[in-house]
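> Could you have a look at this structure, given as structure tokens, before my questions?
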Amino acid sequence: MTKTYSIGQAAQFSQLTISTLRYYDQLGLIPNLQRDASGQRLFTATNLEAIAMISCLKNSGMKIKAIRQFMDWCQEGDSTLKLRLQMFQDLQQSISQQLAQLQQTLAVVNYKCAYYQEVVNDGTEAQVCQRAVSVHTLQARAK
0 MTKTYSIGQA AQFSQLTIST LRYYDQLGLI PNLQRDASGQ RLFTATNLEA
50 IAMISCLKNS GMKIKAIRQF MDWCQEGDST LKLRLQMFQD LQQSISQQLA
100 QLQQTLAVVN YKCAYYQEVV NDGTEAQVCQ RAVSVHTLQA RAK
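Residue numbers (numbering that gives the first Met the number 0): 0 to 142.
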């Protein structure tokens, strides 16, 4: 007999809310989700793996409609392997672009942290600003 988990246990394992799991079930995102005689959802290890994949895709920024398409393709079998590969290649490219953007943002934030640490150490922005103006003036003269 296959081990099953309640929706509360599934929520705990997946770190999602019970209402989110219900929503995913209503959308048909969780394949082959069974119910007991009283209508309670019974989650298997396979369902928990599907939920983990859904969470990963959602965290990547993928829209629910695309996640549903992916889950449907998984159910359709090997005939959709190339489609799934293309989906993940597109997702990989999108995430790489997001990561590059975040790295640029982090560089600015790191600069500002260093700037404000220096300002706090000096107790004023005046000296830091004066040094910055001097550096820019020297750079302009060097050109």
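Here a beta-carbon is modelled for each residue, glycine too, at the ideal position from N, C-alpha and C.
Taking 8 angstroms as the cut-off, does the region 20 to 35 touch the region 45 to 62 (at least 3 CB pairs, one atom from each stretch)?
Verdict: yes, contact present.
> Could you tell me if Leu82 is buried or exposed, where buried requires 16 or more neighbouring beta carbons within 10 angstroms of its beta carbon?
Walking along the sequence shown from the start, residue 82 turns up at place 83. Classification for Leu82: exposed.
> Spatial neighbours of Gly122 within its chain, please: C-beta separation below 8 angstroms, excluding the five flanking residues on both sides.
In the sequence shown, the residue the question calls residue 122 occupies position 123. Nothing meets the Cβ criterion.
> Which of the three DSSP states, helix, strand or coil, is assigned to Leu47?
The residue you call residue 47 lines up with position 48 of the sequence shown. Reduced to three states, the DSSP call for Leu47 is helix.
> For Arg34, is the classification buried or exposed, using 16 other Cβ atoms within 10 angstroms of its Cβ as the cut-off for buried?
Taking the sequence shown and counting its residues from 1, one reaches residue 34 at position 35. Label assigned to Arg34: exposed.
> For Leu80, which of helix, strand or coil comes out of DSSP?
Walking along the sequence shown from the start, residue 80 turns up at place 81. Of the three classes helix, strand and coil, the one that applies to Leu80 here is helix, per DSSP.
> Excluding five sequence neighbours on each side, which residues of the same chain lie with their C-beta closer than 8 angstroms to the C-beta of Asn58?
The sequence position of residue 58 within the sequence shown is 59, counting from 1. Hits under 8 angstroms: none found.
> Between Gly76, Ile17, Leu20, Leu41, which lies nearest to Met0 when the distance is taken from Cα to Cα?
The residue given as residue 0 occupies position 1 in the sequence shown. Here the closest residue by C-alpha is Leu41.
> Exposed or buried, what is Ser37 when buried is set at 16 or more other beta-carbons lying within 10 Å of its beta-carbon?
Translated into the one-based positions of the sequence shown, residue 37 becomes position 38. Exposed, since its Cβ has fewer than 16 Cβ neighbours within 10 Å.
> On the three-state DSSP scale, how would you describe Leu41?
Stepping through the sequence shown from its first residue, residue 41 is reached at position 42. DSSP places Leu41 in strand when its eight states are reduced to three.
> Short of 7 angstroms in beta carbon distance, which residues of its chain neighbour Thr79, apart from the five on each side in sequence? Order them along the chain.
Translated into positions along the sequence shown, residue 79 becomes position 80. Trp72.
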